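The numbering of the sequence shown is my numbering, which starts it at 538 and goes up by one. Read the structure below first, then the notes.
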Amino acid sequence: MRAATKPFLLCLALLVGAELVVRVFFARSMSGRFDYGYHPTAGFVEQPDGTVRLERAGGRRFFPQTFSRERPADTFRIFVIGDSVARGTSVASSYAGQLGELLRARGVKVESFNLSVPGYGARRKHLVLEQALQYQPSLVILHLNNSNEYEDEREWRRREEFRGWHPRNWLMKSLVVRRLHEMKQEKVYWEWLPASVRQQRAASDADAELKSSLNADKVRQWNELVRRQTGESVRLARERGARVLVVAQATAAKDAAGKPALDDNSLDELATRMRAEGAATLSMKELLSRRDWPPLFADGSHLRPDGHMVLAESLAESLRREKWVP
């Protein structure tokens, strides 16, 4: 018994020491990590020099970008908030980046930032918006989609599990143990386990999403949530003095004859409702249907850089038509 006590106490002392080090020296980097996108300020790092740095943190995989906390005088500041479709593969190739370049080429003093995060539904996009409005955007472009509500719901449950005091979560109150848990997921699960095992687990998660999406009542609940939450986002931005433009997502599908077709998944109708809240709108379905659109898609949802350019050009024209920019 005594032989086992000493190693146990040594391990306990090391764990306590490591916990103190993490909480004293690494608290900021751990902040929001286990809120899975529901932490209000995760990813927004305010610097002593008055700048704000966007980082990948707390479940928010922002592209690294930096801007001043106060909007520069006579500058039109644009924030694009959406999911992986709006995020694209880089800031420069996304429609946020390309829109900024187009406007600068026309002599507009503009900043355009991409605040989109993969897998974000209406609830988590609203949280990003709430923080982004602290930095005085002239325009918020909300990329409207209704295919990520399962992810929002799943990550909310994960967050609540970590926050709960069920005995199974007691060890997770330690930042060190939490980080070890993540390392197991990132290093062991993703790098060491055979692909077949990983895919089996991923398939079960995908099956859960599919079953949820096939549940008509659940789909209605999610669509109503998207409508209500998007309306709240538009109203909040307008109250804070920002203009809003809602981009309604379209996906590449096939019609009954098996031919390529664009599907707006009822988002055009939802976006139109946002006009009553003071938002301008852009329908991807309407825009892309006027051209040879299949080559613009990398897959069923995501656009290639050329597709982002088409959106950027249309957005630039919309801003000019609304007389928001020269």
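Heads up, the beta-carbon is just placed ideally off N, CA and C, and yes, glycines get one too. As the structure is a computational prediction, the values presented were derived from the model and not from experiment.
E728, DSSP secondary structure in three states: The residue given as residue 728 occupies position 191 in the sequence shown. The pLDDT assigned to E728 is 48, lower than 50, so where the model puts this residue is not dependable; a value taken from the coordinates is nonetheless given after this. The three-state secondary structure of E728, taken from DSSP, is helix.
Buried or exposed (CB count within 10 angstroms, at least 16 for buried), S820: Locating residue 820 in the sequence shown gives position 283, where the first residue counts as 1. Under this definition S820 is a buried residue.
Test item: CB-CB of A787 and K822 under 8 Å: Against the sequence shown, residue 787 aligns to sequence position 250. Against the sequence shown, residue 822 aligns to sequence position 285. Less than 8 Å separates the beta-carbon of A787 from that of K822.
Three-state secondary structure assigned by DSSP to E667: Your numbering for residue 667 matches position 130 in the sequence shown. DSSP, read as helix, strand or coil, puts E667 in helix.
Within 8 Å, strictly: CB atoms of F613 and V677: One-based indexing of the sequence shown puts residue 613 at position 76. One-based indexing of the sequence shown puts residue 677 at position 140. Note that the C-beta distance between F613 and V677 is not below 8 Å.
6 Å Cβ shell around H680 - same chain, five flanking residues per side excluded: Taking the sequence shown and counting its residues from 1, the one referred to as residue 680 is at position 143. Contacts found: G619, A623, V784.
Cβ neighbour criterion (16 or more within 10 Å) applied to R597: Within the sequence shown, residue 597 is the residue found at index 60, counting from 1. With a 10 Å radius around the Cβ and a threshold of 16 neighbouring Cβ atoms, R597 comes out buried.
Short Cβ contact (8 Å threshold) for G580 with L591: Position 43 of the sequence shown, counted from the start, is the residue given in the question as residue 580. Position 54 of the sequence shown, counted from the start, is the residue given in the question as residue 591. Yes, these two residues count as a Cβ contact at 8 Å.
Cβ-based burial, L747 [other Cβ within 10 Å; buried from 16]: Start at 1 with the first residue of the sequence shown, and residue 747 comes out as number 210. Note that L747 scores a pLDDT of 49, beneath 50, so its modelled location is shaky; the value from the coordinates is reported in the next line. With fewer than 16 other Cβ atoms within 10 Å, it is exposed.
Start-end ranges of the beta strand (DSSP E) lying completely within the region 769-825, minimum 3 residues: Entirely contained in the region 769-825, the beta strand (DSSP E) runs reaching 3 residues are, in chain order, 780-785, 788-791, 797-800, 817-820.
Rounded straight-line distance, which links the Cα of S770 to that of S675: Start at 1 with the first residue of the sequence shown, and residue 675 comes out as number 138. Start at 1 with the first residue of the sequence shown, and residue 770 comes out as number 233. Distance between the alpha carbons of S675 and S770: 15 Å.
Exposed unless 16 or more other CB atoms sit within 10 angstroms - verdict on S803: For this step, residue 803 is matched to residue 266 along the sequence shown. Counting the other Cβ atoms within 10 Å of the Cβ of S803 gives fewer than 16, which makes it exposed.
Any non-hydrogen atom of the ligand MN within 7 Å of H839 CB: The ligand MN is not part of this structure, which contains no ligands at all.
Short Cβ contact (8 Å threshold) for F600 with N651: Start at 1 with the first residue of the sequence shown, and residue 600 comes out as number 63. Start at 1 with the first residue of the sequence shown, and residue 651 comes out as number 114. Yes. Within cutoff.
C-alpha distance - G644 paired with A669, whole-angstrom precision: On the sequence shown, position 107 is the one that residue 644 refers to. On the sequence shown, position 132 is the one that residue 669 refers to. Roughly 25 Å separates the two Cα atoms.
CB contact flag (G656, S621, <8 Å): Along the sequence shown, read from residue 1 onward, the residue named residue 656 stands at position 119. Along the sequence shown, read from residue 1 onward, the residue named residue 621 stands at position 84. Closer than 8 Å, so yes.
Between the CA atoms of L825 and K796 - distance to the nearest angstrom: Translated into the one-based positions of the sequence shown, residue 796 becomes position 259. Translated into the one-based positions of the sequence shown, residue 825 becomes position 288. Here the C-alpha atom of K796 lies approximately 16 Å from the C-alpha atom of L825.
Outcome for T767 when other beta-carbon atoms lying within 10 angstroms are tallied against a minimum of 16: Taking the sequence shown and counting its residues from 1, one reaches residue 767 at position 230. Taking all protein chains shown into account, T767 has 16 or more neighbouring C-beta atoms within 10 Å of its C-beta and is therefore buried.
Three-state class that DSSP yields for S649 in the structure shown: The residue labelled residue 649 in the question sits at position 112 within the sequence shown. Three-state result, S649: strand.
Exposure label - V553; buried when at least 16 CB within 10 Å: Mapped onto the sequence shown, residue 553 falls at position 16. With fewer than 16 other Cβ atoms within 10 Å, it is exposed.
Residues that DSSP places opposite F604 in a beta bridge: Stepping through the sequence shown from its first residue, residue 604 is reached at position 67. F604 is bridged to V589.
Classification of E728 by the beta-carbon crowding that lies within 10 angstroms, buried from 16 upward: Start at 1 with the first residue of the sequence shown, and residue 728 comes out as number 191. Low confidence applies here, because E728 scores a pLDDT of 48, under 50, leaving its location unreliable; read the following figure in that light. When all chains shown are included, E728 counts as exposed.
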